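Enquirer: Take a look at this one; I'll ask things after.
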Amino acid sequence: MLLNGALLVGLVASLGPLVWMVLSSVKPEGEIRQFPPTLVPQDVTLENYTALFDRMNFPQFFLNSVIVALAVTVGAVLFSAMVGYALAKIDFPGRKALFLLIMATLMVPGTITFVPLFVLVANLDLINTYAALILPFLAAPFGVFLMRQFMLDIPDELLDAARVDGAGEFRTFFRIVLPQTGPALATLGILTFLGSWNNFLWPLVAVQSADMYTLPVALALYSTGQNTVQYGLLLAGATVIVTPILVVFLVLQRRIIQGIATTGIK
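UniProt numbering puts the first residue of the sequence shown at 1, with every later residue one more than the last.
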């Protein structure tokens, strides 16, 4: 009984802000600001969504976010899987030291590498390009760890049989290993997509023209006036931004749970 009650409280705490955001996105600005606040809209309106699409170049910003998030997700998953495979199944000098070095980078706060990363991107003349938004996130230490731990469970005999049949490492990786790592790939993919889709600070400094803005940056800039914040526009935009993430999670939730449950348990 106590467990069910605790789970119910956790559910309300988790879904409460999301429900309030969606309901408030169809409220007039005055009702959003009133105190005490209302949960169910007294006057339902779509003005916030109309203003969102009228004032913003929404298709361009949405396309930018899709391009960046998909490229980062595909690249990070592929490279993490390759490195994880090498660390788990290929015996070479310094393998353990390399793995420890990769794990050590997880303890380095992103704020420490932020300025050097920006200087590097600027020196490569990549500012205000898709490359600036994509390349810095293709190396994912957590993804390498996740894939390595999952691939350790793949029987070595299966890979040895493929090599005996004449398969090279790339063919073994793509034809034998990857098909067996679906749960881990789905888990890493959704986490990477989520982080890239919601990324705000790096796109804010890495792009300088409005046509390169991603959705979080565009929403923050267009919903904030000189002296006030338009909460209705902000909430409507946040609802639009969250929707693709919810769809992806609902589609892949079974593999995500399976990947988290089976990875690294030894």
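Idealized CB from N, CA, C, for every residue including glycine.
For clarity, every value in this text was computed on a predicted model and none was experimentally measured.
#1: Taking only the alpha-carbon atoms, compute the straight-line gap between Val9 and Ala186 and give it to the nearest angstrom.
#2: Please classify Met212: is it buried, with 16 or more other beta-carbons within 10 angstroms of its beta-carbon, or exposed?
#3: So, are the CB atoms of Asn64 and Leu233 less than 7 Å apart?
#4: My output table needs one value for Val40: the three-state DSSP class, helix, strand or coil.
#5: When you compare only the Cα positions, how much space is there between Leu106 and Glu31?
#6: Can you list, in chain order, the stretches of the alpha helix (DSSP H) that have 4 or more residues and sit fully within the stretch 173 to 205?
#7: Under 8 Å by Cβ, that's how I've got Phe150 and Thr181 pegged, so tell me the actual separation to the nearest angstrom.
#8: Around the C-beta of Val121, are 16 or more other C-beta atoms found within 10 angstroms, so that it is buried, or is it exposed?
#9: Using the three-state DSSP reduction, which class does Asp54 fall into: helix, strand or coil?
#10: Per DSSP, what kind of secondary structure is Gly264 in: helix, strand or coil?
#11: Within the chosen definition, does the stretch 191 to 205 reach the stretch 241 to 253 through at least 3 CB pairs nearer than 8 Å?
#12: Buried or exposed for Arg148, going by 16 or more other Cβ atoms inside 10 Å?
#13: Taking the alpha carbon of Leu39 as the reference point, which residue from Gly84, Gln230, Ala161 and Val26 has its own alpha carbon closest?
Expert: To lay it out plainly:
#1: Residue mapping note: residue 9 aligns to position 9 of the sequence shown, counting from 1. Residue mapping note: residue 186 aligns to position 186 of the sequence shown, counting from 1. The alpha-carbon atoms of Val9 and Ala186 are separated by roughly 29 Å.
#2: Translated into positions along the sequence shown, residue 212 becomes position 212. The residue in question, Met212, is buried, as its Cβ has 16 or more Cβ neighbours within 10 Å.
#3: By 1-based counting over the sequence shown, the position of residue 64 is 64. By 1-based counting over the sequence shown, the position of residue 233 is 233. Their beta carbons are not under 7 Å apart, which means Asn64 does not touch Leu233 by this criterion.
#4: Within the sequence shown, the letter at position 40 stands for residue 40. Three-state DSSP puts Val40 in coil, outside helix and strand.
#5: Position 106 of the sequence shown, counted from the start, is the residue given in the question as residue 106. Position 31 of the sequence shown, counted from the start, is the residue given in the question as residue 31. C-alpha separation (whole angstroms): 44 Å.
#6: 182 to 198
#7: Numbered from 1 along the sequence shown, position 150 holds the residue referred to as residue 150. Numbered from 1 along the sequence shown, position 181 holds the residue referred to as residue 181. That pair is a contact at about 6 Å.
#8: Numbered from 1 along the sequence shown, position 121 holds the residue referred to as residue 121. Buried, since its Cβ has 16 or more Cβ neighbours within 10 Å.
#9: Taking the sequence shown and counting its residues from 1, one reaches residue 54 at position 54. Helix.
#10: Counted from its first residue, the sequence shown places residue 264 at position 264. Legend: pLDDT at Gly264 = 46, less than 50; position of this residue unreliable, value from coordinates given subsequently. Coil, per DSSP.
#11: yes
#12: Translated into the one-based positions of the sequence shown, residue 148 becomes position 148. Under this definition Arg148 is a buried residue.
#13: What you label residue 39 is simply residue 39 of the sequence shown in a count that begins at 1. It is Val26 whose Cα lies nearest to the Cα of Leu39.
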